[in-house]
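For what it's worth, my numbering labels the leading residue of the first sequence as 1, then goes sequentially.
We treat Cβ as the ideally placed atom computed from N, Cα and C, and that holds for glycine.
None of the values given here were measured: they were computed from a predicted structure.
What follows is a short report on a single structure.
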Amino acid sequence: MKIATWNVNSLKVRQQHAIDWLALSGVDVLCLQELKLPDEKFPRAELAAAGYRSWFAGQKTYNGVGILVRADAGFEVDEISVVRNIPGFEDLQQRVIAATVNGVRIISAYFPNGQAPGSEKFAYKMRWLDALREWLREDMARRPKLALLGDYNIAPEDRDVHDPKAWEGQNLVSPEERAHFSRLIELGLTDAFRKFEQPEKLYTWWDYRMMAFRRNAGLRIDHILLSAELAARCTSCEVDKVPRKWDQPSDHAPVIATLG
DNA sequence: ATGGCATGACAATCATGA
Numbered sequence: 001m002k003i004a005t006w007n008v009n010s011l012k013v014r015q016q017h018a019i020d021w022l023a024l025s026g027v028d029v030l031c032l033q034e035l036k037l038p039d040e041k042f043p044r045a046e047l048a049a050a051g052y053r054s055w056f057a058g059q060k061t062y063n064g065v066g067i068l069v070r071a072d073a074g075f076e077v078d079e080i081s082v083v084r085n086i087p088g089f090e091d092l093q094q095r096v097i098a099a100t101v102n103g104v105r106i107i108s109a110y111f112p113n114g115q116a117p118g119s120e121k122f123a124y125k126m127r128w129l130d131a132l133r134e135w136l137r138e139d140m141a142r143r144p145k146l147a148l149l150g151d152y153n154i155a156p157e158d159r160d161v162h163d164p165k166a167w168e169g170q171n172l173v174s175p176e177e178r179a180h181f182s183r184l185i186e187l188g189l190t191d192a193f194r195k196f197e198q199p200e201k202l203y204t205w206w207d208y209r210m211m212a213f214r215r216n217a218g219l220r221i222d223h224i225l226l227s228a229e230l231a232a233r234c235t236s237c238e239v240d241k242v243p244r245k246w247d248q249p250s251d252h253a254p255v256i257a258t259l260g
């Protein structure tokens with residue numbers, strides 16, 4: 001099973017990119033973030049024509065997440081298992097959707113950006129991370145084959161940052177955010193990317209400005225965390241920079257993990 | 001220090017992102 005995550009920064013604008021990349025990559029499950037459209041505008045029929053079933057939680061303008069599952073792979077998706085948002089955490093922002101695919105718990109998450117340490121949005125990010133972790137703890141106890149995929153808006157280490165000195169003290173790299181990432185790992189999750197040898201300075205996000213992609217001025221903020229059972233089955237994890245080079249790209253690149 | 005680019009809502013700028 002090939003699973004992937006991609007922040008598309010508007011599924012309306014990136015619909016064709018998503019369809020093209022599904023054909024190119026052949027992934028079985030794709031977690032999407034930043035749909036930026038309400039549920040009634042989700043391109044379900046177009047994705048079905050491309051061979052994928054969809055589950056999603058959208059809203060107007062901001063946020064929005066989805067899970068696409070290859071239709072011809074014969075995967076069973078347990079409808080009763082589908083969860084939108086973090087149970088018990090009141091939130092108007094649509095940032096989480098979970099579904100169980102062939103017994104594998106798949107969670108697509110768009111973590112808050114946090115704006116800047118000390119801001120109200122940063123405090124919301126901390127509360128959201130607390131709620132996510134406590135829900136994951138329960139969910140993973142019931143469903144030990146669990147994968148948390150998404151835009152974490154956290155670069156876990158300095159080697160995940162093109163210029164750690166310039167970024168010091170900012171959101172995405174702050175000690176508080178990195179401590180939250182560590183607490184997710186302490187639940188028993190493994191960063192699939194770091195399970196393997198990787199090229200130096202490989203990131204998943206590059207700013208649209210200042211020719212950041214050409215300068216490789218990026219951050220690794222999109223991740224696939226796997227429970228022990230899935231980490232043991234994981235045979236590769238790669239960042240695909242190809243769609244970041246297409247015309248009118250998302251500012252994020254997709255990340256793929258293969259489970260044997 | 002600021003904005004640099006992109007998207008969406010909305011109809012000229014503004015909120016937000018990372």
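- DSSP, reduced to helix, strand and coil, places Glu90 outside both helices and strands of the structure shown, so it counts as coil.
- Counting only runs of 4+ residues, the alpha helix (DSSP H) found wholly inside the segment 169 to 205 occupies 175 to 186, in chain order.
- Taking Pro43 as the centre and dropping the five residues before and after it, the same chain places the C-beta of Gln15 closer than 6 Å to its C-beta, in chain order.
- When C-beta atoms of the segment 175 to 194 are compared with those of the segment 62 to 74, fewer than three pairs fall below 8 Å, so the two segments do not count as touching.
- Within the same chain, and ignoring the five residues on either side of Trp21 in sequence, the residues whose Cβ sits closer than 6 Å to its Cβ are Pro243.
- For Gln33, the enclosing beta strand (DSSP E) stretches over residues Val29 to Gln33.
- Annotation note: the segment 1 to 57 contains the following uninterrupted alpha helix (DSSP H) runs of length 4 or greater, listed N- to C-terminal: 11 to 25 and 44 to 49.
- In chain order, Ile3, Ala192, Ile224, Cys234 and Cys237 place their CB closer than 6 Å to the CB of Ala257, counting only its own chain and leaving out the 5 sequence neighbours on each side.
- Closest in alpha carbon position to Ser227, among Lys201, Leu30 and Arg142, is Arg142.
- Annotation: the continuous alpha helix (DSSP H) that includes Tyr124 extends over Glu120 to Arg142.
- Here Leu187 is not near Met126, since their CB atoms are 8 Å or more apart.
- Across the structure, Gly66 and Ile86 are spaced so that their CA atoms are roughly 14 Å apart.
- Per the DSSP secondary-structure output, Ala155 pairs with nothing in a beta bridge.
- For Thr258, the beta-bridge partners assigned by DSSP are Lys2 and Ser236.
- His223 has Gly150 as its beta-bridge partners, per DSSP.
- In summary, Met1 is buried, with 16 or more beta-carbon neighbours lying within 10 Å of its beta-carbon over all protein chains present.
- Between Ala116 and Asn63, the CB-CB gap reaches or exceeds 8 Å.
- A buried status is given to Glu177, since no fewer than 16 other beta-carbon atoms sit within 10 Å of its beta-carbon.
- By the criterion of a C-beta distance shorter than 6 Å, Ile107 is surrounded in its chain by Ala98 and Leu148, once the five residues flanking it on both sides are discounted.
- Contact check for Gly150 against Ala109 passes: the beta carbons are separated by less than 8 Å.
- Trp128 has its alpha-carbon roughly 10 Å from the corresponding atom of Glu134.
- Closest in C-alpha terms to Tyr52, from the list Val77, Arg214, Phe89 and Thr204, comes Val77.
- Rounded to whole angstroms, Ala45 and Ser10 show a C-alpha spacing of 17 Å.
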